[in-house]
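Structure record follows, encoded as structure tokens.
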Amino acid sequence: MTKFTPETIAAVDLGSNSFHMIVAQVNEHDELKQVDKLKEMVRLRGGLDENNNLSAEKQDVALACLRRFGERIRHLPVESVRIAGTNTLRTMQDATEFQALAKEALGHSVSIIAGREEARLIYLGVAHTLSDDDGKRFVMDIGGGSTEFIIGEKFKPLELESLNMGSVSVTQRFFADGSLKKENWDKAITALSLEITPIKSAYEIGHWNIATGASGTIKAARNIIHALELEKFGITLKSLHKVKDLMIEAGDIEQVDLPKLKADRKPVFAGGLAVLIAAFETLKIDSMTVSDGALREGLLYDLIGRIHHEDTRDNSINSLMKRFDIDLVQSQQVTTTADHLFKQVATEWELNKRYRKLLIWAAMIHELGLSIAHSNYHTHGAYILDNADLPGFSRKGQRWLSTLVDTHRRSINHANFERLPPQEQAIVKKLSVLLRLSVLFHRSRKNEHILPNIQLGENKMAIHCRELSNRPMLLADLKREKAWLENIAFTLNFENKQSTT
1 MTKFTPETIA
11 AVDLGSNSFH
21 MIVAQVNEHD
31 ELKQVDKLKE
41 MVRLRGGLDE
51 NNNLSAEKQD
61 VALACLRRFG
71 ERIRHLPVES
81 VRIAGTNTLR
91 TMQDATEFQA
101 LAKEALGHSV
111 SIIAGREEAR
121 LIYLGVAHTL
131 SDDDGKRFVM
141 DIGGGSTEFI
151 IGEKFKPLEL
161 ESLNMGSVSV
171 TQRFFADGSL
181 KKENWDKAIT
191 ALSLEITPIK
201 SAYEIGHWNI
211 ATGASGTIKA
221 ARNIIHALEL
231 EKFGITLKSL
241 HKVKDLMIEA
251 GDIEQVDLPK
261 LKADRKPVFA
271 GGLAVLIAAF
281 ETLKIDSMTV
291 SDGALREGLL
301 YDLIGRIHHE
311 DTRDNSINSL
321 MKRFDIDLVQ
331 SQQVTTTADH
341 LFKQVATEWE
351 LNKRYRKLLI
361 WAAMIHELGL
371 SIAHSNYHTH
381 GAYILDNADL
391 PGFSRKGQRW
401 LSTLVDTHRR
411 SINHANFERL
421 PPQEQAIVKK
431 LSVLLRLSVL
441 FHRSRKNEHI
451 LPNIQLGENK
461 MAIHCRELSN
471 RPMLLADLKR
481 EKAWLENIAF
491 TLNFENKQST
501 T
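Take 1 as the starting number for the sequence shown in full-length UniProt numbering and just add one per residue.
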């Protein structure tokens, strides 16, 4: 019998306050065994100026941390690592440049995830670390720049929300001078309660059975409350107010001396505590337990799903197809041809299986915009993809999908790809060519298999397809396509029985 070799996987959470890395081994039962864990308090959010530009000093601190992380994970296969950027990277003006530098430091790409995707992954991490209780759970995670609210049952999230309030941002907003006077607390809690109010009807007590907190702020609050013997288990609103009162007595952040409050947490704890109190008061939370699981654990479990072909992104694409009533036969025909073309070019164009998945997803939903109108339906589809919440997808992944759908028909030029970083444009253009040709071959919408053979050069393709001699409309479309592709410096040739064009 062959002995099972545990697979090593890793996740990195680039939070607004702290950077976390976890390395684990997966056994044959998909159980995780942690083998390494690192955390560094970077306070990335604190390095943003009023225009959301990151200071050079803070960037140096962040990259130095990532180089240390990179020593541990650089050697791992790309499919075994997930790195997620959260609120600060979502708001940072120069995020694309930082992503490139971070990739160099880590040896792996950084994905910037949307707030609700962050919430989904947090819930996944929490759900795997708690007992499988009956009923619905409310989960809350206070980060440095945002707070995520989730209601779920077992492993399925039912409600997801992310609000722009976190320990760092709230401290900067209401306690910037370090003063902990009561007026500052009152202003903070009132303002935060107003921001939480729009989600109150969906998240207040009555919609769930158990409240669970995840994050450094909530863990710190729990540790302080237990050390002060205010509660034996969990967190209550009364105990939170007592901690707040002790901070008011201290008068200034520098003078705070609470048991179990770590020195690196102290500068931003006031903001996190204010968020927690506002949530307890607005959502009428009686008590809250604390989970050790959070975003990084969620990334690991999501990664296990991808490895075993249980990819959340597949579910998102299938949901779009159902929601927008996409023609399944046409979608499948275009997808089959796109995959056939991809396999012929993958080696020479240096396209890995990650790009294959993107092409296939784009082929599956290329007619997404038809539900709005036939005219410019590619543009409508791209708009939907730019603005939809797609569980499992990073912002970059959605942008690539949107660009492929936007460029799958009609005229095309370099401007269509300018919203992508320069280093990504060449790859997306090649994927776009494959999708455009796949759509052209099935314009008649007949249920038929067309599997053309192709020969390649650099930015050049020759198509050999026996059907061309009997398909004058397809031949005309290819001639027009040849002219359009010249706009992106791509040469298309095609052959029928009579001639080579």
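Ideal Cβ placement from N, Cα and C applies to all residues, glycine included.
The stretch 221-240 makes contact with the stretch 275-294; the number of CB pairs closer than 8 Å reaches 3 or more.
Only residues of its own chain outside the window of five on either side were considered, and among them Ile-9, Ala-11, Ile-22, Ala-24, Leu-32 have a CB closer than 7 Å to the CB of Leu-300, listed in chain order. Contact check for Val-126 against Gly-145 fails: the beta carbons are separated by 9 Å or more. In the displayed model, Leu-456 falls within a strand according to three-state DSSP. At a Cβ-Cβ threshold of 9 Å, Ile-199 and Gly-166 do not count as neighbours. The three-state reading of DSSP puts Ile-205 in coil, since its state is none of H, G, I, E or B. In this structure Leu-359 is in contact with Ala-338, their Cβ atoms being roughly 5 Å apart against a cut-off of 8 Å.
Taking C-alpha positions only, Phe-69 is separated from Leu-106 by approximately 7 Å. Contact between Gly-152 and Arg-173 does not hold, since the beta-carbon distance rounds to 30 Å and is not under 8 Å. Each residue's CA atom was taken as its position, placing Lys-154 and Asp-389 some 22 Å apart. Pairing Leu-435 with Arg-399, the inter-Cα distance amounts to about 16 Å. Rounded to whole angstroms, Val-428 and Lys-460 show a C-alpha spacing of 15 Å. Apart from sequence neighbours up to five positions away, the residues of its chain that approach Ala-202 with a beta-carbon distance below 7 Å are Glu-159, ordered along the chain.
Here the C-alpha atom of Glu-467 lies approximately 54 Å from the C-alpha atom of Gly-15.
Following the DSSP letters along the chain, one finds Leu-163 inside the beta strand (DSSP E) bounded by residues 156-163. In this structure, the straight-line span from the alpha carbon of Leu-121 to that of Gly-305 is close to 12 Å. For the 9 Å CB-CB criterion, Leu-276 and Ala-211 do not form a contact.
Annotated three-state conformation of Thr-282 is helix, per DSSP.
The stretch 416-425 and the stretch 306-318 do not touch, with fewer than 3 CB-CB distances between them shorter than 8 Å.
In this structure, DSSP gives Ala-211 an extended state, which the three-state scheme calls strand.
Within its own chain, the residues whose Cβ lies closer than 6 Å to the Cβ of Arg-296, once the five positions on either side in sequence are excluded, are Ala-11, Asp-13, His-20, Ile-22, listed in chain order. Taking the Cα of Asp-406 as reference, the smallest distance to any Cα among Gln-455, Ser-109, Arg-356, Ser-375 is reached at Ser-375. Apart from the 5 residues on each side of it in sequence, Thr-335 sits with its Cβ closer than 7 Å to the Cβ of Ile-360, Ala-363, Met-364 in its chain, given in chain order.
Going by DSSP, Ser-394 is part of no alpha helix (DSSP H) at all; its letter is neither H nor E. Closest in C-alpha terms to Phe-233, from the list Phe-441, Arg-265, Ser-291, comes Ser-291.
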